[in-house]
Structure formats: structure tokens, C-alpha cells
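The sequence shown maps to residues 1 to 125 in UniProt numbering. All C-beta atoms, glycine included, are put in the ideal place defined by N, C-alpha and C. The next block holds one structure in the form of C-alpha cells; read it before the comments.
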Amino acid sequence: MDLSITRADHGEQTVVHLGGEIDVYTAPVVREKLDEQIQAGRTNLVVDLTDVTFLDSTGLGVLVGRLKLTRTRGGSMRLVGRDDRVLKVFAITGLDKVFEIHPDLEAALAAGRAGAGSNGAGEGS
Numbered sequence: 001m002d003l004s005i006t007r008a009d010h011g012e013q014t015v016v017h018l019g020g021e022i023d024v025y026t027a028p029v030v031r032e033k034l035d036e037q038i039q040a041g042r043t044n045l046v047v048d049l050t051d052v053t054f055l056d057s058t059g060l061g062v063l064v065g066r067l068k069l070t071r072t073r074g075g076s077m078r079l080v081g082r083d084d085r086v087l088k089v090f091a092i093t094g095l096d097k098v099f100e101i102h103p104d105l106e107a108a109l110a111a112g113r114a115g116a117g118s119n120g121a122g123e124g125s
């Protein structure tokens with residue numbers, strides 16, 4: 001299984017860093033780890049996909065489900081990603097319009113501090 005998952009708290013926001021391949025085999029582990037954070041009350045999530053090398057529809061489904069779950073609990077979920085292959089999956093499926101995707105962790109955390117519910121709180125300061 002080519003997958004790594006780590007977590008770090010940044011104030012009210014929790015960063016879950018994923019690395020490797022998110023596919024039909026590893027997606028259940030990703031779901032479980034994200035659910036653990038949400039169940040523990042960490043509903044302002046930043047999922048860092050910087051080191052993800054592959055993402056399939058199963059992985060997308062997990063991310064969509066966790067996005068819905070955080071929103072129903074009054075939270076948010078932002079993504080960090082730069083890999084063209086991973087970002088292309090979001091673009092092809094139209095999910096780049098559903099998720100707030102940032103080029104780096106600093107931008108995602110700043111957007112969370114500014115109030116992530118607004119229309120693209122991505123202006124840096």
C-alpha cells in the first residue's frame with residue numbers, strides 16, 4: 001500500500017497530509033482517518049494532496065463525502081494541490097468548482113482564518 005497520512009493542528013484548523021496513491025485499495029483508509037478527525041470535532045480540515053501521485057474516482061468519492069460531512073457539522077474542508085495529474089481529475093469531473101483548492105498550505109490556512117465560506121478568500125496578505 002503506497003499511502004502516507006499525517007495530521008497536524010494549526011489553531012482551529014487540522015491539516016491532514018496525504019501522500020502516495022489514493023485508489024480503490026487505499027481510499028477506505030483515507031476515509032477512516034478523515035472520519036476520525038471529524039468525529040473528534042476537528043471539522044475545519046485542510047487536506048494536503050501535495051504528495052499524492054495518483055487519485056482515482058474512489059478517492060474523489062471519499063473527499064466529496066467528507067466535504068459534505070464537515071459542512072453538515074458547520075465546518076469546512078479545503079484542499080492543497082499542485083500536481084497537474086491530480087488537479088486534472090478535479091477539473092474533468094467539475095469538482096474544481098465544488099472544492100476550494102489552494103496551491104500551497106499557507107494559502108489554504110490563510111483562507112480558513114479569513115472565513116472559508118466566502119467566494120474564494122484566496123487573496124494573500
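Checklist entry - Leaving out the 5 sequence neighbours to the left and right, which residues in its chain are closer than 6 Å to residue 17 when beta-carbon positions are compared? => result 6, 48
Next on the checklist: Under 8 Å: does the beta carbon of residue 12 sit that close to some heavy atom of the ligand ATP?
Outcome noted: As far as ligands go, the structure on display features none, and thus does not contain the ligand ATP.
Checklist entry - If we call anything under 9 Å between Cβ atoms a contact, is residue 114 one with residue 78? => result no
Item to check | Exposure label - residue 8; buried when at least 16 CB within 10 Å | outcome: With a 10 Å radius around the Cβ and a threshold of 16 neighbouring Cβ atoms, residue 8 comes out exposed.
Item to check | Bounding residues of the alpha helix (DSSP H) (the contiguous stretch that carries residue 108) | outcome: 105-115
Item to check | Reduced DSSP category for residue 60 - H, G, I as helix; E, B as strand; rest coil | outcome: helix
Checklist entry - Is residue 120 helix, strand or coil by DSSP? => result In this prediction, residue 120 scores a pLDDT of 39, lower than 50, which makes its location untrustworthy; the coordinate-derived value is nonetheless stated afterwards. Three-state result, residue 120: coil.
Checklist entry - Hey, out of 99, 88, 20, 92, whose CA is closest to residue 65's CA? => result With respect to the C-alpha of residue 65, the residue from 99, 88, 20, 92 having the closest C-alpha is 99.
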